[in-house]
Structure formats: structure tokens, C-alpha cells
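To start, the structure itself, in C-alpha cells.
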Amino acid sequence: MILHDDEHFMRQALREAQDAFFEGEVPIGAVVVINNQIISRGHNQVERLNDATAHAEVLAITSAFSHLGAKYLPDATLYVTIEPCHMCAGALYWSKLKRVVFGAPDVKQGFHFFYGEKNPFHPKTEITGGVLSEECAKLIKDFFKARR
Numbered sequence: 001m002i003l004h005d006d007e008h009f010m011r012q013a014l015r016e017a018q019d020a021f022f023e024g025e026v027p028i029g030a031v032v033v034i035n036n037q038i039i040s041r042g043h044n045q046v047e048r049l050n051d052a053t054a055h056a057e058v059l060a061i062t063s064a065f066s067h068l069g070a071k072y073l074p075d076a077t078l079y080v081t082i083e084p085c086h087m088c089a090g091a092l093y094w095s096k097l098k099r100v101v102f103g104a105p106d107v108k109q110g111f112h113f114f115y116g117e118k119n120p121f122h123p124k125t126e127i128t129g130g131v132l133s134e135e136c137a138k139l140i141k142d143f144f145k146a147r148r
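Numbering (full-length UniProt numbering), first residue to last: 1 to 148.
Encoded structure:
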């Protein structure tokens with residue numbers, strides 16, 4: 001995939017994050033893409049569902065599994081606005097995704113905090129970070145600034 005496509009799909013994930021923002025959720029959004037088509041979307045719904053596991057990534061891949069009737073996603077790319085956390089990294093590992101593309105790093109809860117430069121995902125999963133990083137980070141910063 002070329003960077004232009006990555007930016008396009010990250011903008012779709014940002015739309016999901018904005019939905020979370022307006023719902024009072026931590027604004028993280030995700031989309032799952034196969035063959036340049038979005039097959040599922042998700043944004044944080046921890047507060048709405050009263051479920052600490054209702055992260056954007058988990059909701060998006062669960063929807064993708066359902067859509068495809070499959071338990072693995074070897075042809076899929078997940079776009080997520082913020083670096084996945086330790087819990088989501090585990091779920092993404094078992095999903096066997098082709099790629100994980102994230103926007104802004106999460107220095108406090110992201111997988112790099114726990115794993116350093118080691119790949120916590122399936123060995124065949126490619127990782128790309130920093131796509132529209134500033135826009136993704138700004139949404140999170142604005143959310144927490146408004147909460148203080």
C-alpha cells in the first residue's frame with residue numbers, strides 16, 4: 001500500500017475517533033481494510049458499554065471477524081489513530097493481521113512501552129506508525145485538555 005492510501009484510511013479512523021470524542025469516550029478510532037475497502041469500523045465504547053475491553057481495535061476486529069465469518073484476518077490492515085495498548089496488541093496478535101497502521105504513539109500505554117522495539121504482533125504482521133500522527137495526537141490532547 002502506498003502512503004496516500006494509508007492517509008486516506010487513517011482519516012476514516014479519525015472520523016471514528018471524532019465520534020468517540022463527541023460521545024465522551026477517549027477518542028480512538030479504527031477501521032479494518034481488505035482490498036482497499038473498509039469492512040469494519042470501531043471507536044472506543046468503554047464508557048457506553050461499561051466494559052474496559054471495548055477499545056476501538058477490539059471492536060473493529062470483532063466486527064471484521066463477523067463480517068467475514070472467519071477467525072483470522074491475514075489479508076486485512078487495521079488502521080488505528082493511537083498506538084495499540086498491551087491488551088489490543090494481544091488481540092491483534094491472535095487476529096494474524098497483514099498490517100497494523102497507527103497514527104500517534106502512546107508513550108504511557110502503547111505496546112512500545114511494554115515491548116520496546118520487539119514486535120508483539122504475529123510474525124508476518126507489518127507495523128507502520130506515524131501516519132497523520134499530529135492530527136491523531138491533537139484529538140487526544142484536546143479531549144483530555146477539556147476534561148481538566
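Think of the CB as a built atom: it goes at the ideal place given N, C-alpha and C, for glycine as much as any other residue.
Classify residue i: buried if its beta carbon has 16 or more other beta carbons within 10 angstroms, exposed otherwise.
i, result
"residue 102", "buried"
"residue 60", "buried"
"residue 72", "exposed"
"residue 2", "Residue confidence is low: residue 2 scores 48 on pLDDT, short of 50, so the model does not pin down where it sits. Its coordinate-derived value is still stated next. Exposed, because fewer than 16 other Cβ atoms sit within 10 Å of the Cβ of residue 2."
"residue 107", "exposed"
"residue 52", "exposed"
"residue 142", "exposed"
In whole angstroms, what separates the C-alpha of residue i from that of residue j?
i, j, result
"residue 219", "residue 100", "Outside the shown range of the chain (1 to 148) lies residue 219, about which nothing can therefore be said."
"residue 77", "residue 147", "32 Å"
"residue 83", "residue 111", "7 Å"
"residue 64", "residue 89", "16 Å"
"residue 8", "residue 55", "22 Å"
"residue 12", "residue 81", "10 Å"
"residue 47", "residue 58", "15 Å"
"residue 50", "residue 14", "23 Å"
"residue 86", "residue 109", "7 Å"
"residue 93", "residue 118", "13 Å"
"residue 34", "residue 144", "33 Å"
"residue 16", "residue 42", "6 Å"
Which residue marks the beginning of the alpha helix (DSSP H) containing residue i, and which one marks its end?
i, result
"residue 58", "56–68"
"residue 134", "133–147"
"residue 90", "86–95"
"residue 126", "Residue 126 -> not in any alpha helix (DSSP H); beta strand (DSSP E) instead, spanning 126–128."
"residue 117", "Element bounds for residue 117: n/a, residue is neither H nor E."
"residue 73", "Unbroken run through residue 73: none, as it is neither H nor E."
"residue 26", "No alpha helix (DSSP H) contains residue 26, which DSSP labels as neither H nor E."
"residue 46", "46–49"
Tell me which residue opens and which closes the beta strand (DSSP E) that residue i is part of.
i, result
"residue 101", "99–104"
"residue 78", "77–82"
"residue 31", "29–34"
"residue 37", "37–43"
Since residue i contacts residue j with CB under 8 Å, what's their CB separation in whole angstroms?
i, j, result
"residue 40", "residue 31", "7 Å"
"residue 91", "residue 136", "Actually they are not in contact, since the Cβ atoms of residue 91 and residue 136 sit about 20 Å apart, beyond 8 Å."
With a threshold of 8 Å between beta carbons, is residue i in contact with chain D?
i, result
"residue 140", "Judged by its chain identifiers, the structure shown contains no chain D, having just a single protein chain."
Cβ contact (3+ pairs, closer than 8 Å) linking the region 82–100 and the region 126–145: Segments in contact, yes.
Counting pairs of Cβ atoms below 8 Å between the region 19–28 and the region 61–73, do you hit three or more? With a cut-off of 8 Å on Cβ pairs, the region 19–28 is not in contact with the region 61–73, counting fewer than three such pairs.
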